[in-house]
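Note that our numbering has the sequence shown beginning at -13, numbered continuously upward.
For glycine and all other residues, C-beta sits at the position ideal for the given N, C-alpha and C.
Take a look at the structure below.
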Amino acid sequence: IVVADDPGCWSSGQSEQDSRYLARVAHLPMLEPSDSAECKDFVIRAFKMSEKFKIPVVIRITTRVGHSGCIVKLGKIIKGKTHGTFDVDRWRTMPPRLLAVHRELHEKLESINRWAERSGLNRIVKGKGNVGVIASGVSYCHSLEAMDMLGLKLPMLKLGISWPLPEKTIINFIHGLNKVIIAEEIEPIILKEVERLAKSANPKLSVLGKDDIHSCELKPDIIALVLAKATGKKFKIPVAKPMPQRPPVLCPGCPHRATFWATKTAVPGAVYGGDIGCYIMGIYEPLATQAFVISMGAVQGITHGIRKVSKQPAISFIGDSTFFHAGIPGLINMTWNKSDPLVIVMKNTVTAMTGHQPHAASGKTAMGEPAKPLSISEIAAACGVENIKTVNCFNIAETQSAVKELIAKPGTKLLVAEGECRLMYMRRARKEGLKVPKWQINQDKCTKCGMCVFKFGCPAIHYIGDPNNWKKGKFYIETDFCWGCSVCAQVCPAKAIEVLK
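Written out as C-alpha cells, the structure reads:
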C-alpha cells in the first residue's frame, strides 16, 4: 500500500495528515524511502515482506520523494502470482477466532521487528561528534544537505522501516550521544518515541526536533538551523525573494469552468459543495463555487444535510468518476430521506486529475479494453431521482436554463453536465486532424469590463496594464494557450471575442 503524505499541502492534500499514525493503528509495517531509487528497491522488499509475514505493507512517501527523480539501478523483473486459491479458514474472523487473530497480529509484528533489526533497511552512518541525527524518508536527504551546508559530518541513523520501531537500533545509536536531532515530516512521532527510549537508555540526552512545529514541509535550511544551534555553528536562513502568486487553475477550455460559471450565474448565493478531482479548483477565486471540500462523495451527504436545516439552495458538484466511486450511496440517501439539493455530475468522461484513467462511463475497462458505458442518468433514476436533465456544458445558455429549471423543482434533482476533458479533446484533435478554432479579442469592441480575466478566469486570457484601472490596459487572448472551447465568447457582455481568422 503506497500512501503519499503532502507536507505543506502543495498538491491535493486537504490536510497535512501523517499516515504513520495509521500504520500504528492498523498494526501494519511501514517503509519510508528517501528517494526514487529506494522507492523501487523498497517496493521489492515490501512484496517480499508481505509474502513472508502474510501482511499488507505500507510504503510512505512525501511530496519531495514523489516529485523528484534520480538514477535507478534496474534489476531482474520478477513475475508475480496471477492466480491463487482462497483460504476460507484464514479469513473467518468472528469470535472466538477473532481473538486469536488479534494475538497473532501482535506476534507477527514482533517477528517483523526482529527481522527489521537485521534487514539493513535501518542503517547507521558513521560520523564525528556527540551530536547525532535520526531521519526517515526525504528528511535523510535534507539532513545530508544541511550538514554539507555547515561542513559537518555527524553520525546518522537512517530509518528505512519506521514501524514497527527498531528500538534496539535506536538505543544503540543514541548511546554516548549528548544531543540527537530528529528530522521527520510531519508530526513529531519519532521524536516522542526517542524521548521515551532515552529515559532509560540515555537520560541526559537532549532530543531536538519538531516538538513545537507540526505543520509545513521540512527543508534543508530548517534542519541546518537546528544543527547549527546544536553544534555551535553560525547559520542564518537566507531570505528568499518573494515570488509572484500563481494560484492553481483549471486548464484552458476546461468543461468544469463552463459548468461552474453557468451554475453560479444561474443561482447566485447558493451553497456550492465539491469533492476531490480537477473541480477542486472551483474553490478558488474568481469561480468560488465550492464552499467545502472533504473527500470523494462527501458532498452528497453534506448538501443533503444543509437542505434539511437551511433554506439556502444547495448544489453538489461531483465528477463522473467520483460519482461512481462514492457518490451513489449519498444520492440514495437524498431521495430516500426526501431531501432536495441539486446534484450536478460533471461528466468529462475520464478520471482526469490522476492521469486520465477510464471509469464506468468511459466506454473502456480499467485495462483500456472496449466496454459498455454505464448511464449516469439511468443510475440516478434507479436511485429514485425523478427530475434529471443532460446538457452540453459548453453551451452556457442551455446549462443556465437547466439549472434554473431543476433548482425550482421539489425533491432531489440531477443534472449531467457533459463536456469532454479538454486535454483529452486536444489529444484526440491532433490524432484525428480536427481543426480547433482559436479566439481573439476585438480591441475595437472590447469595453475593458474585465469579465473575461477577473470574473471568468480562463488562463488563456491575459491583461496587461494598470491593475487598478482596467480602462488603461489591454485584454487579449494568448492564442497558443487557447483550446477553442468558445465559452469566453458566450461570457463576454460586449460580444468582443471572435474566432481568429
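Item, Value
"Residues that DSSP places opposite phenylalanine 246 in a beta bridge", "None, per the DSSP bridge assignment."
"For arginine 109, the residue or residues it bridges with in DSSP", "Lys144"
"Cβ-based neighbour list, cysteine 478, same chain, cut-off 7 Å, excluding 5 preceding and 5 following", "Met437 and Cys438"
"Residue closest to alanine 12, alpha-carbon to alpha-carbon, out of Gly195, Lys350, Lys94 and Val74", "Lys94"
"Whether valine 44 touches proline 15 by CB criterion (8 Å)", "yes"
"In DSSP terms, what lysine 165 is bridged to", "Val117 and Ser192"
"Start-to-end residues for the alpha helix (DSSP H) that takes in leucine 401", "From DSSP, leucine 401 is part of no alpha helix (DSSP H) but of the beta strand (DSSP E) over 399 to 404."
"Buried or exposed (CB count within 10 angstroms, at least 16 for buried), alanine 102", "buried"
"Pick from Pro82, Val51, Phe33 and Asn99 that is closest to lysine 67, judged by C-alpha positions", "Phe33"
"Test: glycine 239 CB closer than 8 Å to a CB of chain B", "Given the protein chain composition of this structure (a single chain), no chain B is represented."
"Within 8 Å, strictly: CB atoms of glycine -6 and cysteine 202", "yes"
"Segments assigned beta strand (DSSP E), at least 3 residues, entirely inside the segment 215 to 299", "257 to 259"
"Collapsed DSSP secondary structure at valine 51 in the structure displayed", "helix"
"As assigned by DSSP and simplified to three states, the class of glycine 66", "coil"
"Tryptophan 469: first and last residue of the uninterrupted alpha helix (DSSP H) it sits in", "From DSSP, tryptophan 469 is part of no alpha helix (DSSP H); its letter is neither H nor E."
"Any alpha helix (DSSP H) of 4 or more consecutive residues that is wholly inside the segment 320 to 405", "362 to 368 and 382 to 393"
"Nearest-angstrom Cβ-Cβ length linking tyrosine 258 and phenylalanine 303, presumed shorter than 8 Å", "6 Å"
"Length of the line joining the Cα atoms of cysteine 25 and methionine 142", "20 Å"
"Straight-line gap, leucine 401 to asparagine 381 (C-alpha atoms, nearest Å)", "14 Å"
"Residues that alanine -10 bridges to, as DSSP identifies them", "Ile47"
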